[in-house]
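Chemist:
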Amino acid sequence: MKISHKYLVILALMLLKNFQVADAQSAADRQGFNGAPKLVVGVVVDQMRADYISRFWNKFSDKGFKRLVSQGFLCENNNINYSASETGPGHAAIYTGTTPSINGIISNDWYSRNLDKMVYCVGDSTPKNLLSNTITDQLRLATNFTSKVISISLKDRAAILPGGFTSNGSYWYDAATGKFITSSYYMKEIPTWLNAFNERKLPAQYLKQTWNTSLPIEQYTESTADDTPYEEVLFEGEAQPIFPHVLANYKGKGYKVINSTPFGNTLIKELACEAIKSENLGKGKTPDFLAVSFSSTDYVGHDFGINSIELEDTYLKLDKDLGDFLDYLDATIGKENTLLFLTADHGAENNVKYNLDHNIPAGLFDAKLITDLLKTFLNAKFGVEGLLLNFSNQNVYLNLKLIEEKKLSLYDIETAVANFLLKCDGVAYTNIAFEVTVFDNNYAYQKFIKNDYNAARSGDVMFTLLPGWMEWKSTGTTHGSPYNYDTHIPLIFYGWKVKAGDYLPNVNITDIAPTIANLLNIQAPSGCLGNAIPIPLK
Ligand SMILES: [Zn+2]
């Protein structure tokens with residue numbers, strides 16, 4: 410029989426309808442936290458690009474990333490929908506379900522007009538720079554604060570932002586002492602269990618070890634040679650950036666170096682397991698939430714670039730740590746009781762010199778030079794000194810008071826700045842604050858600027874670099890652009906009732922929080938702009 414096109418359409422609609430009905434029936438069973446997961450685990454891998462899953466697939470074990478992909482629901486096209494693709498904005502977007510324009514985390518740090526200085530997104534070790542609440546706050550609110558929320562990371566911003574305003578504990582790494590700490594916002598003293606964990610002195614043990622590749626080094630065929638000019642010579646006592654990396658030289662010099670090794674991720678895995686055990690996570694009547702962020706992937710990427718054997722080996726070791734963590738969750742909470750998602754805060758581009766050596770467009774943007782030239786230009790054009798207050802994160806802040814005093818036209822100066830920047834090497838386009846707020850600009854990447862722009866915190870003129878361009882040095886790499894190398898990040902939902910699947914439509918980083926809200930039957934965060942992804946449930 411020849412099946413007609415029309416018949417196929419009807420069949421497809423019938424299947425879709427069945428799927429929706431099945432889901433609706435199970436929704437009734439899930440009300441009142443009946444049948445809800447006992448523990449939600451958010452895993453963020455700092456600087457993980459979506460393509461790493463495929464790039465390292467043949468080297469991964471069956472226990473880590475492969476287990477998540479084969480048993481979980483993979484959203485292949487998950488993207489960041491703003492251009493500030495950095496750690497602070499990324500963690501804020503994942504947990505608030507909204508963009509910097511609404512959650513206020515426009516960058517890791519930004520210029521404050523009130524204080525006339527740069528401020529850090531979690532500068533006082535509190536979440537108070539967040540302007541909307543988080544999915545973790547919503548869980549606490551929805552359960553009358555019976556759910557427990559714990560967030561951990563090496564980086565303070567990657568622990569504080571996910572924990573929201575009401576976390577029961579947010580802990581991060583103090584590189585000077587090698588201990589995990591918190592702030593008085595959360596509690597007076599760290600809990601006994603964390604004290605005991607610190608006393609295990611794992612960082613001191615790691616310093617005695619050598620970072621060797623997990624596989625014989627000639628098997629790292631997904632990466633460049635071990636010794637390239639694209640890598641930083643990072644470790645003390647080394648003349649070249651090559652394996653093995655000996656850490657013994659750091660004895661007595663603090664524990665910061667752990668960040669830039671796979672040991673930093675192992676340390677977080679150990680802490681995550683300890684937090685589950687000691688806080689009795691997943692044992693209450695309402696769901697608990699553990700937010701875990703692995704940061705060493707980001708440090709290694711910055712130092713050695715994304716094509717290095719160091720980066721590949723860091724992912725192979727993270728794959729093992731993830732496997733151990735999933736085994737631990739299976740043994741203590743059970744896969745059927747644990748809803749886990751894995752994503753990233755941003756990706757990264759190839760090293761600039763690496764791109765240029767392969768004839769691929771790239772460049773280093775010299776912000777210091779452009780700042781000096783812009784100052785001279787504005788002085789000459791408007792006959793007034795001091796019009797430029799600050800030039801940072803591709804935001805230009807003008808001295809609004811002075812402009813008013815001198816009765817100059819703000820719009821004329823903004824336009825002059827924008828036109829000046831358009832003539833600079835590496836600049837793709839500019840946006841004037843007034844126009845961002847007034848016009849609905851959906852042209853290509855310009856639409857991201859609207860999602861970046863927060864009136865109280867952003868500059869008067871914003872600009873975006875061309876693909877491959879960055880403010881960085883000649884070795885290693887960075888991120889922070891609206892381009893897919895920085896914005897295309899992994900997203901996997903796994904465990905509990907989640908059916909395995911592969912989802913191709915575009916979704917955004919801001920869809921993660923409403924998806925979790927949907928699965929838990931709670932409200933999405935206050936400023937949420939995302940949409941719940943239709944996760945098929947068993
Ligand atoms: Zn970074």
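Our numbering puts the first residue of the sequence shown at 410, with every later residue one more than the last. Ideal Cβ positions, reconstructed from N, Cα and C, are used throughout, including at glycine.
Check TYR639 in the structure and name its three-state DSSP category.
Modeler: Coil, per DSSP.
Chemist: Determine the DSSP secondary structure at LYS426, reduced to helix, strand or coil.
Modeler: At LYS426, the pLDDT of 46 sits below 50, so the modelled position is not reliable; the number obtained from the coordinates is stated separately. Correct three-state label for LYS426: helix.
Chemist: Cutting at 7 Å between CB atoms, please list the residues of its own chain near THR555, excluding the five before and the five after it.
Modeler: Cβ within range, chain order: GLY693, LYS694 and THR695.
Chemist: If ASP861 sits next to SER492, beta carbons under 8 Å apart, how far is it from one beta carbon to the other, in whole angstroms?
Modeler: With a Cβ gap of about 5 Å, ASP861 and SER492 count as contacting.
Chemist: Would you mind giving the Cβ-Cβ distance between ASN927 and ALA909, rounded to the nearest angstrom? I have them listed as a contact below 8 Å.
Modeler: So it is not a contact: roughly 19 Å between Cβ atoms.
Chemist: Alpha carbons only, please: which of HIS888, ASN542 and ILE599 is nearest the one belonging to HIS711?
Modeler: If we check each option's Cα against that of HIS711, HIS888 comes out closest.
Chemist: Can the beta-carbon of VAL805 be found less than 8 Å from the beta-carbon of VAL870?
Modeler: Cβ distance < 8 Å, so VAL805 and VAL870 count as in contact.
Chemist: By the DSSP assignment, the beta strand (DSSP E) with TRP519 in it spans what residues?
Modeler: TRP519 -> beta strand (DSSP E) spans 518-521.
Chemist: Taking 8 Å as the threshold, find out whether the segment 500-507 comes into contact with the segment 536-545 through three or more Cβ pairs.
Modeler: Enough Cβ pairs lie closer than 8 Å, so yes.
Chemist: By Cβ distance, which residues of its chain are closer than 6 Å to LYS906, with the 5 residues on each side in sequence left out?
Modeler: Excluding sequence neighbours, LYS906 sits near LEU946 and LYS947.
Chemist: Sorry if obvious, but does the Cβ on THR706 come closer than 7 Å to a heavy atom of ligand 1?
Modeler: Checking the Cβ of THR706 against ligand 1 gives no.
Chemist: May I ask you to report which of helix, strand or coil DSSP gives SER935?
Modeler: The answer is coil: DSSP assigns SER935 none of H, G, I, E or B.
Chemist: Measure from the alpha carbon of LYS617 to the alpha carbon of each residue in GLU608, THR884 and VAL655, then state which is nearest.
Modeler: It is VAL655 whose Cα lies nearest to the Cα of LYS617.
Chemist: What's the C-alpha gap between ALA431 and ASP438?
Modeler: For ALA431, the pLDDT reaches just 47, beneath the cut-off of 50, and the residue's location in the model is therefore unreliable, although a value from the coordinates is still provided. Answer to the nearest angstrom: the Cα atoms are 11 Å apart.
Chemist: Going by beta carbon distance, what residues of the same chain come within less than 7 Å of PHE774, once the five residues before and after it are set aside?
Modeler: The residues are GLY835, LEU874, TRP878, MET879 and GLU880.
Chemist: Taking 8 Å as the threshold (C-beta atoms), are TYR615 and SER534 in contact?
Modeler: No. Outside cutoff.
Chemist: Spatial neighbours of ASP565 within its chain, please: CB distance less than 8 Å, with the 5 preceding and 5 following residues excluded, ordered by chain position.
Modeler: Only VAL531, SER534 and TRP581 meet the Cβ criterion.
Chemist: Specify the secondary structure class of LEU929 as computed by DSSP and reduced to three states.
Modeler: Three-state DSSP puts LEU929 in a helix.
Chemist: Ligand 1 heavy atoms versus the CB of HIS897: any closer than 7 Å?
Modeler: It does not: the Cβ of HIS897 is nowhere closer than 7 Å to a heavy atom of ligand 1.
Chemist: Going residue by residue through the segment 471-520, where are the continuous alpha helix (DSSP H) segments of at least 4 residues, counting only ones entirely within it?
Modeler: Whole alpha helix (DSSP H) segments, 4+ residues: 474-480, 496-505 and 509-512.
Chemist: For TYR529, which residues of its own chain have a beta-carbon under 6 Å away from its beta-carbon, when the five flanking residues on both sides are left out?
Modeler: So the list reads ASP518, once near-sequence residues are dropped.
Chemist: Using the DSSP secondary-structure output, state which residues sit across from THR670 in a beta bridge.
Modeler: For THR670, which the question treats as bridged, DSSP gives no partner whatsoever.
Chemist: Runs of 4 residues minimum, wholly inside the segment 874-901: which ones carry the alpha helix (DSSP H) assignment?
Modeler: Counting only runs of 4 or more, we get 893-896.
Chemist: Could you please give the first and the last residue of the uninterrupted alpha helix (DSSP H) stretch that includes TYR763?
Modeler: Counting along the chain, the alpha helix (DSSP H) containing TYR763 begins and ends at 761-766.
Chemist: Would you mind working out which of ASN863, LYS686 and ASN487 sits nearest ILE559, comparing C-alpha positions?
Modeler: Of ASN863, LYS686 and ASN487, the residue nearest in Cα terms is LYS686.
Chemist: What do you reckon, is the C-beta of THR723 under 7 Å from a heavy atom of ligand 1?
Modeler: Checking the Cβ of THR723 against ligand 1 gives no.
Chemist: For HIS654, which beta-bridge partners are listed by DSSP?
Modeler: HIS654 pairs with TRP620.
Chemist: Candidates LYS665, LYS472 and PHE872: which alpha carbon is nearest PHE589's?
Modeler: Comparing Cα-Cα distances from PHE589 to each of LYS665, LYS472 and PHE872, the minimum goes to LYS665.
Chemist: Go through its chain and collect everything with a Cβ distance to ASP635's Cβ below 7 Å, but skip five positions before and after it.
Modeler: These residues qualify, in order along the chain: ILE626, ILE651, PHE652 and ILE718.
Chemist: If you follow the beta strand (DSSP E) that THR633 is in, where does it begin and where does it stop?
Modeler: No beta strand (DSSP E) contains THR633, which DSSP labels as neither H nor E.
Chemist: With which residues is LYS526 paired in a DSSP beta bridge?
Modeler: LYS526 is bridged to SER521.
Chemist: Please report the residue range of the beta strand (DSSP E) in which LYS588 lies.
Modeler: Residues 588-590.
Chemist: Considering only heavy atoms of ligand 1, does any lie closer than 7 Å to the CB of GLN456?
Modeler: At least one heavy atom of ligand 1 is nearer than 7 Å to the Cβ of GLN456, so yes.
Chemist: Under 8 Å between the Cβ atoms of GLY663 and ALA585?
Modeler: Against a cut-off of 8 Å, the Cβ pair of ALA585 and GLY663 comes out as a contact.
Chemist: So, are the CB atoms of ILE901 and PHE482 less than 8 Å apart?
Modeler: Yes.
Chemist: Please name the residue, chosen from ARG609, GLU645 and GLU688, that lies closest to SER669 on a Cα-to-Cα basis.
Modeler: Residue GLU645 is the option with its Cα nearest to SER669.
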